[in-house]
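Scroll down for the structure; my scribbles are underneath it.
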Amino acid sequence: MLQFITKRTATLVAAVLVSSFAVFLIPYFTPGDPVRKIIRSRVAGDAIDDSAVQGLSESLGLDDPLAVQYFRWLADFFSGDMGLSFVSRTPVAEQVLPALSVTLSLVLMSLGLAAALSLPLGIISGLRPGSTADKAITAITQALIAMPEYWVAPVLVLVFALKLSILPTAGWNDLSSAVLPALTLALRPISFFTSAVRAGIIDAAAAEHVPAARARGLSQGQAILRHVVPNGLVPLSTLFAVWFAGLLGGSVIVEVIFAVPGMGRLLFDAVVNSDIPLAQGGVVVVVALAVGVTTLADFVHRFLSRTVGGTLA
Amino acid sequence: MRSFLRPRVLVAALATLTLAGCGFSGTQTQAVQPTAVADTSQRIVVDNFRAPVANWAVESDAAYILSLSGCLETLTTFNQAEGKVLPSLATEWKQTSPLDWDFSIRQGVKFQDGKDLTAESVVSALNHVLDAKVPARAFNRTMISSITAVDAQTVRVSTPAENPLVPYRLASVNTGILAPAAYKPEGLDPFGHCTGPFTPVSEKAKQSLTLDRNENYWGGEVQLAGAEIRFITNGATRAAQVQTGEADISLSIPVASLAALKAADGVSVLGADSPRTATMYMNNGRAPLDNVDIRKAIREALDLDALAASVYEGAALPATGPFAPSEPWAGDKQDQQVQDLEEARKLLAGAGYTADRPLEIIAIVERAEFADVAAVVQENLKTIGIPVTITSKEYASAEPDVLAGNYDMLLSQRNRLIDIADPIGFLTADYTCKGTYNLSHFCDPEYDRIIAEAAKTLDTGERYKLYAAAGQILQDQAVNAWLVNEQATDATRTNVLGYVQDPLSRYVLTAKTAKAAS
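As given, the protein sequences belong to chains V and R, one line each in that order. Under our numbering, the letters of the first sequence match residues 1 to 313, in that order. Under our numbering, the letters of the second sequence match residues 314 to 831, in that order.
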């Protein structure tokens, strides 16, 4: 266990260093002057006075060597200071934490919805492979993979906001405003989760211990509930963590369309505007959270495997 | 050859919201229902297209949000309909010497924190803008040398050179006046520190600003109880919100949503000329486009009617030159360019053009429609024997080469009035020999002379004549190909009263903006 925790901590530190350095380099290795991008994010328009560029570059320390700039940020970060945004000149933490809380809520709602729907669908599908129900569920869930968010989101708005008038089109105010973005984000996980649960159920149902359980006097339903269904949960825990990590910073399109003030928009804007401290701070938080959640998922996976294995034995 | 209308993924997807519609209103003032009566207990929701990014810094574009929401006020305002600078926090002004302008501060005005508006508070506020690290375009140390209080009621603005446009500059939202308590070391705090009809009371970061009526407003009774300004960057979402009634006013409606809104019950669509012309910049400093006849041939070959009708779906009008026809400095010669392939071929032959290499058009990706515009231009030029390649780039990646003169043609658009309600900044930066944003690499001493004279001309009519003369030089020299004049389009619910559209979205909520009970 200690070895496992040590390894994961080392992974976390390495991930933070690599990701923060990669994000730091983006403005310098993409076309365009980072200082001009910062200015344009504050004042729209193309013509920029060279003296303004020079003045801002000096005041932000952007004319220092890259190594100096990076290690300055790193030293501040490890002393607990994520710095000030280049664009707003407000503390990075004050922008990252509210956005993170919004995204965490959205992602947990989406994945919770996905898990709640995919578990029964996967079980139904896996218990009767090749049946009409299985074929229908597989066809529908496979179709969900092919539906991009930038298409699904406007369609949901059209149906639920414009036609039925039962949900708001956008915003982040109450539970009703979270329904459409959460549903949009949930569609693809539903597909993957259902496939994984289905495969787990098929494997478990084919195992020798199910007939053995029946022979011990358990009914078909009891055998499924005790020995088959838990197997469906094992792959779900890993997939849940993977999707959780992916959606933390990867829900930009949904956040833009539904005007959700989350991490995706924050990071996207920070990169576009060359707001290096904000991008670094945001990415580091997302990466740390992603590593933490996948570590937790590993624990859960081990626990479930042992529990299920124990049951099976 | 690219397809005529390349699939635009996101736009096409969002267009699924689009339904059938009717004609364009073409008005700036919302039609008032004859029987509608303002209900002063109503609150209003405005969907704005930008969010504040700079912690409300008044020298940044956040000032537009504070201004449109009826919080921030300036010494003067620019009335689009009258084309005039009008009094606001200053009651009058005069040029007291070639380098000095004196502004009389309105008496009896109180900031929303109860403090009096004084000459000293105005001086302090304006100096804050001048001292900003990223200075405002309209008001900075290059054109303003000092701000001083002459007496308790008078503020003197001094300039390093004679400048007839100081009153215009003080209509810029970046020169908004806030109470001294608003200027804090950690940033600007507009809450309770404006003079306008609405006072901001709360903010949801990146989402919205909530305002209440200013009961002590100096400009008369405020007709609304309050307002919420939402920051909705996606155009289709803004359109959907005004259609469902979640928003009362939605600014800057995208073309793809116009038909749906025009067909929707309870929605008015308002359009006005915007000071933006989609332009194909041509590099006048490099062969073959250093030859005026080749530039003219390119201009003659373009079918602007087809461009406006197809790519812009009728929501933009074919350009007649560097200015929109409705602008007071556009001049008399505003004939629409008509495609003349015969003339284009003659000009090319006369110029000795040989298609040694294809010309490159850079289409900036920030404007999705430019890829389609480039495809139309490519087809037009092919018919007169000019091969063209198209490159799509982010503006930031194209800019260094364009400014250095290493390009042929660039599709872009500029706001002529981005700093002040006068095109002097645009005409100077973009077309004078030493212009800081002379993408065309155009240089004409006569043009420079006219612009220098205009910059010193106090009489508005005379100045506009000089702008027209300068514009005619640009047209005669075919410096660029001006393609279409864009329209500013807003949508309102029909129970919104007294809304006057501002193409630059500086003034949206005023004391007179009202709402009838629905």
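Every residue gets a Cβ at the ideal spot worked out from N, C-alpha and C, and that includes glycine.
- Under the 7 Å criterion on CB atoms, V:R188 is classed as non-interfacial with respect to chain R.
- Residues of chain V with a Cβ closer than 9 Å to the Cβ of R:G500 are, in chain order, S88, R89 and T90.
- Here the C-alpha atom of V:A133 lies approximately 26 Å from the C-alpha atom of V:A213.
- Within the region 742-768 of chain R, A742, T749 and Y750 place their CB atoms closer than 7 Å to a CB of chain V, listed in sequence order.
- Rounded to whole angstroms, the Cβ separation of R:L385 and R:G489 is 4 Å, and the two are in contact under 8 Å.
- Chain V has a Cβ within less than 7 Å of the Cβ of R:K446.
- Contacts with chain V (Cβ-Cβ distance below 9 Å) from the region 510-532 of chain R involve K517, A518, K519, Q520 and S521, listed in chain order.
- Contacts between V:A93 and chain R, judged by CB atoms closer than 8 Å, are missing: the closest CB pair is about 13 Å apart.
- Assignment of V:W243 by DSSP, reduced to helix, strand and coil, places it in the helix class.
- In the pairwise beta carbon analysis, the region 716-736 of chain R is classified as touching the region 578-590 of chain R: at least three pairs are separated by under 8 Å.
- In the structure shown, R:N793 falls within a strand segment according to DSSP collapsed to helix, strand and coil.
- Membership of V:S105 in the alpha helix (DSSP H) is indicated by the continuous run V92 to L127.
- Counting only runs that start and end inside the region 209-238 of chain V, the alpha helix (DSSP H) elements of at least 4 residues fall at 209-215 and 220-223.
- For V:A259, the nearest CB of chain R lies under 7 Å from its own CB, placing it at the interface with that chain.
- For V:P181, the nearest beta carbon of chain R is not closer than 7 Å to its own beta carbon.
- With respect to R:A804, R:V568 sits apart: the two C-beta atoms are not nearer than 7 Å.
- For R:N808, there is no enclosing beta strand (DSSP E), as DSSP marks it with neither H nor E.
- DSSP places V:T141 within a helical segment (H, G or I) once states are collapsed to three.
- DSSP places R:S417 inside the beta strand (DSSP E), whose first and last residues are D413 to I418.
- With 16 or more neighbouring CB atoms inside 10 Å of its own CB, R:T387 falls in the buried class.
- V:P98 and R:N529 have their alpha carbons spaced roughly 35 Å apart.
- Around the Cβ of R:T455, a 10 Å sphere holds fewer than 16 other Cβ atoms; the residue is exposed.
- Between the alpha carbons of V:L2 and R:A364 lies a distance of about 47 Å.
- Counting only the Cα atoms, V:V23 lies some 10 Å from V:L267.
- DSSP places R:S521 inside the beta strand (DSSP E), whose first and last residues are S521 to R526.
- Spatial neighbours of V:F21 in its own chain (CB-CB distance under 7 Å, excluding positions within 5 residues in sequence) are listed in chain order as Y70.
- V:G32 has a beta carbon lying within less than 7 Å of a beta carbon in chain R.
- Counting along the chain, the unbroken alpha helix (DSSP H) around V:R188 starts and ends at L175 to A206.
- If you look at V:W151, you'll find it in the alpha helix (DSSP H) that goes E149 to L156.
- Judged by DSSP in its simplified three-state form, R:E516 adopts strand.
- A Cβ-Cβ distance of about 7 Å is found for the pair V:L180 and V:V157, placing them in contact under the 8 Å criterion.
- Using a CB distance below 7 Å, the part of the region 39-57 of chain V facing chain R consists of I39, S41, R42, V43, A44, G45, D46, A47, D49, A52, G55 and L56, ordered along the chain.
- Fewer than three Cβ pairs drawn from the region 34-44 of chain V and the region 90-105 of chain V lie within less than 8 Å of each other, which leaves the two stretches out of contact.
- Listed in chain order, the non-local C-beta contacts of R:A742 below 8 Å within the same chain comprise G748, T749, Y750 and N751, local neighbours out to five positions each way being set aside.
- Among the residues of the region 152-170 of chain V, those with a Cβ less than 7 Å away from any Cβ of chain R are P154, V155, V157, L158, A161, L162, S165, P168, T169 and A170, in the order of the chain.
- Residue-level contact by beta carbon holds for R:I545 and chain V, with a gap shorter than 7 Å.
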